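In terms of the UniProt record's numbering, the sequence shown opens at residue 1 and continues consecutively. Ideal Cβ positions, reconstructed from N, Cα and C, are used throughout, including at glycine. Please read these numbers as outputs of a predicted model, since none were measured by experiment. Below you'll find the structure, written out as structure tokens, and then a few comments.
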Amino acid sequence: MCTRLGLECLGFSAQRPDWMRKQEVVTGVVARMKKSVSDTNSAKMNEYWANKAASALREQSLDEEEAMAEETLAEDTEYAEQAGSVESAESMELQALPLPPQTAANFIGDLADLWAYPIPQSQMVDDYPVAQQAVHDPLGMQAMTTPHAFNSGPTSPLVDPDFLALLGFAAPPVVVQPQAATYFPLLHQPTTTFSTSFPTTPANMRFFHHYLTVIMPYQWIFERKVLSDLVTGLAFTNPLVFESLIALAALHMGAKRRWRRPAIQNQNQASSSSSSSRITALPDGNDPDLAVAESSLQLSIQGLKQVPFNDIGSHEMVVAAMSVSSFHLFDGGNRKGWREAVELCRKSLAAVLQGSRHWSSDDPELAVSGLVKRMGHLLSPLVWTDILTSVTEGAASQFLSLYRVLLLDDQSQGEMGDLLRETVMGCDSTTRLAIAETIALAEWKDTALGVGRLSIRDLVERANSIERLLEQRVWRERHLFESDDPATLQRRAVSNVFFHSARVLLATTLSGPFPGVVEVAATVRDVADAFLALDLVELQGAERALVFPTVIAGCHADTATLQMFFKDRFERLGEEGLAFGNTRNALRLMEEVWRRRATLPGGQEVHWRKVMFELDEEGLLLI
């Protein structure tokens with residue numbers, strides 16, 4: 001609210017600050033507020049009449065556009081080719097229509113309602129600034145309306161009730177705020193005829209603010225501003241996205257309070273390394289925040305299950321699916337049902353590919369720039385979730401043929417390649433592809449060994465091809481090595497940790513889970529050195545993003561010194577840090593592998609994945 005009016009936010013207090021006691025300052029503040037409100041009204045009126053004029057022109061020329069549709073499409077296609085851009089026929093048809101101004105709040109607004117039911121293209125661009133739109137909500141939650149008129153004067157619905165009271169005017173009985181293109185967009189206030197106040201309850205806003213300020217840094221290391229703008233806009237236009245995000249925030253707030261209680265801390269200290277850690281499974285009574293988290297999670301899952309396949313690839317549904325997956329990750333990573341959440345992400349990725357005219361499972365030829373441009377920063381998280389889930393499963397990804405095109409061609413796509421790089425958790429494209437290829441090799445090896453047809457020569461040749469891919473990383477990911485600015489140094493340091501952990505995964509796939517093998521021991525030490533280099537760049541929150549490298553290297557540490565080193569990577573998060581996420585269960589897995597290897601006769605195999613499934617029936621999500 002203060003951001004929209006250009007004022008400095010001083011927060012709320014039970015007692016007015018000292019500076020408010022001075023009448024001269026109060027008079028100046030009121031004058032500035034009146035001017036800000038007046039400027040806001042003027043800008044909104046200009047936008048309203050501009051959209052109204054565009055709507056009238058569109059209606060007047062509708063018949064002519066229909067008669068000349070084919071000719072216009074051909075001309076647009078020729079123009080696009082001359083400009084050097086390649087787009088699908090569907091997007092060209094949409095470009096022939098005058099689109100309303102886009103903001104962070106209504107970004108990809110044409111797709112905002114697709115999750116409820118399909119809408120014809122002729123209805124996807126309409127006069128939404130002057131017509132109220134209702135969204136069919138399978139969760140029983142009404143969507144927010146858009147104001148259809150802009151009044152002038154102090155009683156305008158553009159003015160918030162608190163400011164009206166401060167200015168000395170009476171607030172209207174119902175306030176409808178406009179969507180703002182700020183960093184944290186303001187929420188529309190529903191009318192009293194709505195059956196639920198879901199989007200606007202103070203508790204929900206408290207949860208959502210907590211997500212933006214606390215939870216989002218857990219999910220993303222880089223590109224936080226871009227992702228925050230995108231996710232915020234989607235959350236305020238789609239109740240399913242909003243619900244999935246407040247579930248994450250409520251989970252963290254409940255976890256924070258629980259692990260500060262002495263009884264819970266004593267219970268944790270007394271627990272052995274073989275006991276699972278889950279926030280929602282702690283038996284210390286009912287917690288209101290955790291109840292909200294669980295309720296919102298179930299609503300989100302049920303809502304996603306009702307979304308048709310053709311619509312689950314939209315931006316809104318991708319964010320909701322990733323949030324559900326993140327909930328399971330933050331609730332220990334071994335919560336029953338996390339596989340179902342991951343399958344929702346994979347379903348979204350499959351829908352995204354189906355929406356591309358250049359992709360099929362039989363012929364993996366696609367226009368990478370068009371696919372990446374359409375999905376933006378949301379494509380990389382889906383790919384990363386699928387690849388690391390395949391690590392847990394020990395099975396090749398069904399999208400491997402896609403990755404062989406997508407993750408190798410990003411350097412040739414110019415600006416589009418930026419969206420595919422280490423924007424999620426810092427792992428570069430070459431390393432991600434190498435991890436996916438290594439898991440496919442491990443599955444092939446286990447299958448061939450099981451039927452007695454394993455060829456060591458073929459195994460070595462396949463492993464060498466992956467090693468050659470990793471050797472090409474310096475020039476494929478040259479953006480990480482061409483500059484020494486602080487941001488690039490941070491990206492390079494995180495990427496190096498993932499790179500060397502991929503080498504550990506490849507070495508153990510080829511030689512087995514034996515820390516005494518020279519190649520295995522060398523790559524584990526390289527991971528430790530990469531962690532030490534990361535500490536020099538002082539990147540906050542990196543340990544949470546590096547669960548997979550820590551586990552894969554830590555499980556194959558052959559000395560007590562190295563084991564303590566990798567254990568410290570998690571313990572440095574502190575008790576509260578370990579309480580939220582999968583790091584405690586990841587540490588539990590490493591310690592159990594070390595214990596078994598120390599008690600078994602030398603030379604016996606102790607595979608980390610086998611131990612993981614013995615500890616947790618569902619396995620552990622290593623994101």
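Rank the options by C-alpha distance to the C-alpha of residue i and give the top, closest one.
i, options, result
"N204", "L251, L230, T583", "L251"
"A586", "N334, L371, E519", "N334"
"A436", "L388, D428, Q472", "L388"
"K347", "G355, F309, F327", "F309"
"D289", "L353, G254, M612", "G254"
"E605", "A341, M612, R596", "R596"
"L371", "L407, D386, S465, A341", "L407"
"E243", "E471, L589, Y211", "Y211"
"W384", "T431, G355, W338, A235", "T431"
"V553", "A235, E519, L539", "In the sequence on display, residue 553 carries Ala and not Val. The shortest Cα separation from A553 among A235, E519, L539 belongs to E519."
"A351", "V307, F330, S326, S390", "V307"
"E543", "L402, E461, G574", "G574"
"V226", "S295, L378, V342, H209", "L378"
"Q490", "S228, V537, A560", "V537"
"L589", "I466, L534, C555, V405", "C555"
"R492", "F330, G602, L534, L402", "L534"
"I215", "N238, F236, G233, K256", "K256"
"R473", "R503, D331, L539, E571", "R503"
"E461", "L506, D485, D484", "L506"
"E471", "P486, G332, A434, R258", "A434"
"S511", "N286, I623, A463", "A463"
Going by beta carbon distance, what residues of the same chain come within less than 6 angstroms of residue i, once the five residues before and after it are set aside?
i, result
"residue 624", "Within the shown structure, residues of the chain are numbered from 1 to 623, placing residue 624 beyond reach of any answer."
"V292", "A250"
"residue 625", "This structure gives no information on residue 625, because the portion of the chain shown stretches from 1 to 623."
"H607", "P513"
"N106", "A caution first: N106 carries a pLDDT of 37, below 50, which makes its placement in the model unreliable, though a value can still be read off. No residues qualify anywhere along the chain."
"K336", "E618"
"L57", "Reliability of the predicted coordinates at L57 is poor, the pLDDT of 46 falling under 50, and no value is obtained from them."
"R569", "E543, T550"
"R609", "G394"
Using only the heavy atoms of the ligand SAH, determine whether one of them is closer than 7 angstroms to the beta carbon of residue i.
i, result
"A321", "Ligands displayed in this structure: none; no statement on the ligand SAH is therefore possible."
For a cutoff of 8 angstroms on Cβ pairs, would you count residue i as touching chain D?
i, result
"E543", "In the structure shown, chain D cannot be found, because there is only a single protein chain."
Tell me which same chain residues have a C-beta within less than 8 angstroms of the C-beta of residue i, skipping the five on either side of it?
i, result
"L304", "L240, I312, M317, A320, A321, V324, L344"
"A545", "I221, M425, G426, V494"
"L400", "A436, E437, A440"
"H613", "Per the sequence shown, residue 613 should be read as Phe rather than His. If we look at F613 and ignore the five residues flanking it on each side, its Cβ neighbours are G619."
"G516", "D558"
Please go through the same chain and pick out, in chain order, the residues whose beta-carbon is closer than 7 angstroms to the beta-carbon of residue i, but skip the five residues on each side of it.
i, result
"L449", "none"
"W338", "H328, E618, L621"
"L562", "V524, A528"
Which residues mark the beginning and the end of the alpha helix (DSSP H) in which residue i is found?
i, result
"G574", "574-579"
"R476", "473-476"
"K347", "338-354"
"I552", "547-554"
"W220", "Per DSSP, W220 belongs to no alpha helix (DSSP H) and is neither H nor E."
"G450", "429-450"
"N204", "202-210"
"D529", "518-537"
"F613", "608-615"
"Q490", "486-511"
"F570", "560-571"
"G254", "239-258"
"D287", "Note, D287: premise wrong, no alpha helix (DSSP H); not H, not E."
"L400", "400-406"
"E393", "379-393"
"L589", "583-599"
- [ ] Flag this pair as touching only if the stretch 435-452 and the stretch 388-396 have three or more C-beta atom pairs under 8 angstroms; answer yes or no.
- [x] Here the stretch 435-452 lies against the stretch 388-396, with 3 or more beta-carbon pairs under 8 angstroms apart.
Open item on the list: Across the stretch 516-532 and the stretch 497-507, are there enough close Cβ pairs to call them in contact, namely three or more that are closer than 8 angstroms?
Closed with: With a cut-off of 8 angstroms, the stretch 497-507 and the stretch 516-532 count as touching, because enough Cβ pairs lie within range.
TODO: State whether the stretch 571-590 contacts the stretch 295-312, with contact taken as three or more CB pairs (one from each stretch) at a distance under 8 angstroms.
DONE: These segments do not touch.
- [ ] Would you check if the stretch 477-495 and the stretch 453-469 touch, i.e. whether three or more CB-CB distances between them fall below 8 angstroms?
- [x] With fewer than three CB-CB distances shorter than 8 angstroms, the stretch 453-469 does not count as touching the stretch 477-495.
Task: Unbroken stretches of the alpha helix (DSSP H), 4 residues or longer, contained in the stretch 294-331 - done: The DSSP assignment places 315-330 as complete runs of the alpha helix (DSSP H) inside the stretch 294-331, in order along the chain (cut-off: 4 residues).
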